[in-house]
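Protein chains in written order, with the working numbering: chain H, 1 to 382; chain A, 1 to 127; chain C, 1 to 403.
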């Protein structure tokens, strides 16, 4: 039986059985193309509308503000490139710790004549408000600040930033992919103009996401064609994934407070144990998502450590999954001033809904043993 | 497109399908619309000596709402004088059939068909 | 026993083959990992499944797996191919060529390029729906960078001469993109032989799931693209975004089944299509749209003259078909594809696309023929146009009231 302990819930989550159950009819008899006018099509259209309602309700938005995409990366690209395409080149502000799918499209804008300003964070990974205010004073067209970081779990005070930008007549976007389902996410209360959500981080399927976008924002689509999603995202709708996403949103809201309390307790237990192994925690002084723990073991290579943990039956991450393909050290850590050597030893444990105390304890036992072994090796070779 | 029950009823069981001889006594013929627009309605009224419409027939090339609109007006014009028939407004037709906004043009076409049929009748019978 | 409505709209989308769904489900359940997770077995399991599926997709079209890039579907593939190549090669020139009968995903992408300062030529097709090769040759200019022509038309099912077009484009040094969304599993595709540089695929037209597609990007000679989706650097930087393992596995299995079963399935489907066409043969004023021979066996597109399209669809609601392309059917515009063939608006309005597939039965075809014949008789009985034609009136001479 293939079942290592999964402690990498910020990379992706296991779809909930209720989500899968909701999806299965759409991989079976309810297969219509939502654009078709016959009964098969109407049933698919109806299912998408219901899912849209559920997503909107989960984040206190209006259903007409929900644009379904193929995932969070696409939604972030749609906002950054789509908003830029609707305006004349000017200034854009992004935080230094944005996910690559915000940072990379923003960097692309430079070729089109945009100035892209990267806003500082402090040593805990919290956005430097003075840096943000300086950007606002220079009249940006829009800015993007993530609600919670995928590596450190640090939560930004986005609701406090929104009025500053609004007064400047600029749009604020927040990447809420990691925050949603873990802390309360209220589109209206945040006061942002656009927000990105992803299905597979909240026990929904991979392959669906949304850009929540209010009426004030003008956007050009990234994908042209049949004109689905009010012309903002063409292509035959992925009905099964959208339905699964809708169901996952509903479950996330229902279960959030229980999940958050339990997961938070597990992390406290985890970090208490880790502290005894001499790890260095990152951003532990900041407000963080309940399940994320980001740390390094001085002198031990992160890749080696996660490899040993994997063989011992524990799945954790070294740096964020999406950028694991490249060997660069974590940008989140570089941004908070961590040296490259320490950054390379970083490990992220992200606890999810299904994890148990026993699993945390087992992890700590294995971790202690492996760190001991590696520490001795390091001492011998030194 | 969700059709109202009344549209479906007229579509499934259109009333007064057919026609009269165009040159018959008391007959007025209205043909409105164009094939390229997707609807053509032919409405015929047969008017008695007393100026009351005794009978009406239609044929329609068009969507379900167009068929229902023309079927409905054949029922409505019967028993009315030609001038009373002219009082039938497209809004009444649209309301009766619960037409969605994109189908309002069908009711306008039906109103136009009545006007055309009455005009044809009057033209033939003014002398 | 018949199940209603009878589904004859396989070109809009296909059901997921149960064998495909069965392969997908474990990747929603125990093997749910993110294929980009490089630090644990969940990630590796997912990555392995993704690579196996890539090999299956490549095998169907005789390509190298390294030439296959995952996307969210053919629409995204078309956008990535056309904008990606046009942007990359814009130093060489800013002219693109496509057909008037392409899918919206291609036409709208080319229009977007026009707004960005590119020049576009939209070629007419011949009356049979096929490209005029001489017209194509004449349209290629020194500054032409991309030609985009679909393999199989979604509305009329005609198969374009991709091999000949490839020769022309290669000789003139123009990137050739082919939208093959409607072609996989229906016509043989051999990318070792065809001189195609970029080719778009969709899973959900070939019994795979929605939300997944692929783009073939030729390596020899190498074709370069500018990415349209940026981020974590997935798919060798050409298309960022977490890969949907279960959907990819589904596409791989669907394409594997297509490869193995295509020959037998096409023969069966052809017999059903011919049976359907024969059922309407003796009716008056019925026209097949598009070339009859150079067409996939799945498609029959017919205009029933003097009957309005929407009322026809309403009359045959027991049969799920398209009048015009599914993607544009929200509007009341007559099909631009049929208009490009020179069909007038009435015939375009009264066209029905029947598309037959893997689960269509003979009984369904027979029911459909009977239903259509009855309903068309009824609607023609209602039609003033039919009456006039019976009376010998030439409708082209009639002055229609402006409306």
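The beta-carbon is built from N, C-alpha and C at its ideal position, and this holds for glycine as well. No experiment lies behind these values; they were computed from the predicted model shown.
Do the CB positions of residue i and residue j come within less than 9 Å of each other?
i             : j             : result
residue 303/H : residue 37/C  : no
residue 158/C : residue 187/C : no
residue 28/A  : residue 118/A : yes
residue 196/C : residue 174/C : no
residue 319/C : residue 372/C : yes
residue 140/C : residue 111/C : no
residue 294/C : residue 130/C : yes
residue 321/C : residue 38/H  : yes
residue 178/C : residue 200/C : yes
residue 342/C : residue 323/C : no
residue 386/C : residue 61/A  : yes
residue 148/C : residue 217/C : no
residue 59/A  : residue 7/A   : no
residue 178/H : residue 268/H : no
residue 225/C : residue 234/C : no
residue 368/H : residue 277/H : yes
residue 200/H : residue 231/C : no
residue 366/H : residue 309/H : yes
Mapping DSSP to helix, strand and coil, what is residue i?
i             : result
residue 74/A  : helix
residue 342/H : helix
residue 121/A : helix
residue 132/C : coil
residue 301/C : strand
residue 246/C : helix
residue 63/C  : coil
residue 390/C : helix
residue 14/A  : coil
What separation, rounded to the nearest whole angstrom, lies between the Cα atoms of residue i and residue j?
i             : j             : result
residue 60/H  : residue 182/H : 16 Å
residue 407/C : residue 23/A  : This structure cannot settle anything about residue 407/C, because the visible part of chain C is limited to 1 through 403.
residue 7/C   : residue 350/C : 19 Å
residue 265/H : residue 16/H  : 22 Å
residue 30/C  : residue 270/H : 25 Å
residue 60/C  : residue 124/C : 31 Å
residue 18/H  : residue 194/C : 46 Å
residue 118/C : residue 170/C : 21 Å
residue 103/H : residue 42/H  : 39 Å
residue 155/H : residue 243/H : 28 Å
residue 57/H  : residue 289/H : 22 Å
residue 37/A  : residue 76/A  : 25 Å
residue 124/A : residue 101/A : 36 Å
residue 374/H : residue 93/H  : 42 Å
residue 236/H : residue 103/C : 12 Å
residue 82/C  : residue 219/H : 21 Å
Please report whether the beta-carbon of residue i lies at a distance below 9 Å from any beta-carbon of chain H.
i             : result
residue 228/C : yes
residue 311/C : no
residue 206/C : no
residue 111/C : yes
Below 8 Å on the Cβ atoms is my contact criterion, and I expect residue i with residue j to pass it. Report the Cβ-Cβ distance as a whole number of Å.
i             : j             : result
residue 295/H : residue 336/H : With a Cβ gap of about 13 Å, residue 295/H and residue 336/H do not count as contacting.
Kindly indicate if chain C contains any beta-carbon less than 9 Å away from that of residue i.
i             : result
residue 94/A  : no
residue 67/A  : yes
residue 59/A  : yes
residue 39/A  : yes
residue 79/A  : no
residue 11/A  : yes
residue 3/A   : yes
residue 146/H : no
residue 98/A  : no
residue 20/H  : yes
residue 151/H : no
From the beta carbon of residue i, is the nearest beta carbon of chain A less than 9 Å away?
i             : result
residue 307/C : yes
residue 340/C : no
residue 334/C : yes
residue 266/C : no
residue 392/C : no
residue 345/C : yes
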